[in-house]
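Q:
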Amino acid sequence: MLINKTRPWTLAAAVLLLGPTNAEACLMAPPASPEETAARTREYQSDLWTRSDSIFVARVTRHGTVQMEWGRGLWTELTPVLQLKGERRTARTRIQHTVFTSCGPAPILDALHPAPDEFYIVYSTSAAHEQGSINATLRLQDLVDPLAVTAWSEATASRADQD
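Numbering (this note's numbering), first residue to last: 6 to 168.
(1) Can you list, in chain order, the residues of its chain whose CB lies under 6 Å from that of E82, leaving out five sequence neighbours each side?
(2) Sorted by chain position, which residues of the same chain lie with C-beta nearer than 8 Å to T70's C-beta, five sequence neighbours on each side aside?
(3) Do E144 and D166 have their CB atoms nearer than 7 Å?
(4) Taking DSSP's pairing of strands, which residues face S59 in a bridge?
(5) Going by alpha carbons, who is nearest to Q146 out of D58, V62, P39?
(6) Using CA atoms only, rank isn't needed, just tell me which of C31, M33, F105, I60 is closest to V156.
(7) Give the straight-line distance between the Cα atoms of L152 and L53, rounded to the nearest whole angstrom.
(8) Got a sec, what are the start and stop residues for the alpha helix (DSSP H) V149 sits in?
(9) Return the CA-CA distance between V154 and S57, expressed in angstroms with no decimal places.
(10) On the DSSP bridge assignment, give the partners of E82 in chain order.
(11) Among T95, C108, H102, V104, which residue has its Cα nearest to the Cα of M33?
(12) Measuring straight from C-alpha to C-alpha, what distance separates E74 and H102?
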């Protein structure tokens with residue numbers, strides 16, 4: 006009888022000890038085909054365009070590290086150079102990691118890992134371009150959404166006409 010009484014407790018302990026860990030929360034899905042990846046990327050960027058009130062091209066002007074509760078994160082200063090959607094802004098914007106998750110520092114923004122003087126498309130839900138309003142930052146060479154590519158081409162041509 007002692008075995009029958011201890012089995013439920015043994016099973017519960019095994020589930021707790023062998024169950025999922027925080028690190029498992031970050032396991033990636035199996036790789037998709039190149040076609041599926043391209044379609045998802047287009048859909049994601051199209052959704053960003055729709056959800057954002059302000060979209061602009063920005064240049065990385067400075068970046069560094071920031072001390073956080075659980076380690077170091079990164080920060081980047083972005084200077085708007087070309088407005089693609091919404092009211093034109095010229096004020097610099099600072100983005101940074103603000104929290105650590107089981108997957109590492111967040112938010113996950115491309116511009117937090119810049120090369121010197123690199124340019125990014127910045128998607129914001131607000132014309133104020135504050136940290137919490139930045140939905141995404143994408144490297145220019147990763148841009149595939151037709152609306153964003155057209156807006157970038159038109160804004161570049163318009164700027165060239167003004168110069």
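By construction, the Cβ of each residue, glycine as well, lies at the ideal position given by its N, Cα and C atoms.
A: Working from what's here:
(1) Counting from 1 along the sequence shown, the entry for residue 82 is found at position 77. For E82, where only same-chain residues beyond five positions count, the Cβ hits under 6 Å are T66, R67, R97, R99.
(2) For the purposes of this step, residue 70 is taken as the residue at position 65 of the sequence shown. Cβ within range, chain order: R77, G78, L79, W80.
(3) Here residue 144 corresponds to residue number 139 of the sequence shown, with the count starting at 1. Here residue 166 corresponds to residue number 161 of the sequence shown, with the count starting at 1. Looking at the sequence itself, residue 144 is Arg, so the reference to Glu does not match. Contact flag unset, no.
(4) The sequence position of residue 59 within the sequence shown is 54, counting from 1. Beta-bridge pairing links S59 to S129.
(5) Counting from one through the sequence shown, the residue named residue 146 turns up at place 141. For Q146, the nearest C-alpha among the options comes from V62.
(6) The residue given as residue 156 occupies position 151 in the sequence shown. According to the sequence shown, residue 156 is Ala rather than Val. Of the candidates C31, M33, F105, I60, the one whose C-alpha sits nearest the C-alpha of A156 is I60.
(7) As a first step, residue 152 is located in the sequence shown; it is residue number 147 there, counting from the start. As a first step, residue 53 is located in the sequence shown; it is residue number 48 there, counting from the start. Using only the alpha carbons, I get a separation of about 11 Å.
(8) As a first step, residue 149 is located in the sequence shown; it is residue number 144 there, counting from the start. First-last for V149: undefined, no H or E at that position.
(9) Position 149 of the sequence shown, counting from 1, holds the residue named residue 154. Position 52 of the sequence shown, counting from 1, holds the residue named residue 57. Approximately 15 Å, taken between the alpha carbons.
(10) Numbered from 1 along the sequence shown, position 77 holds the residue referred to as residue 82. Bridge partners of E82: R67, R99.
(11) The residue you call residue 33 lines up with position 28 of the sequence shown. Nearest option by C-alpha distance: C108.
(12) Here the question's residue 74 lines up with position 69 in the sequence shown. Here the question's residue 102 lines up with position 97 in the sequence shown. Roughly 11 Å between the two C-alpha positions.
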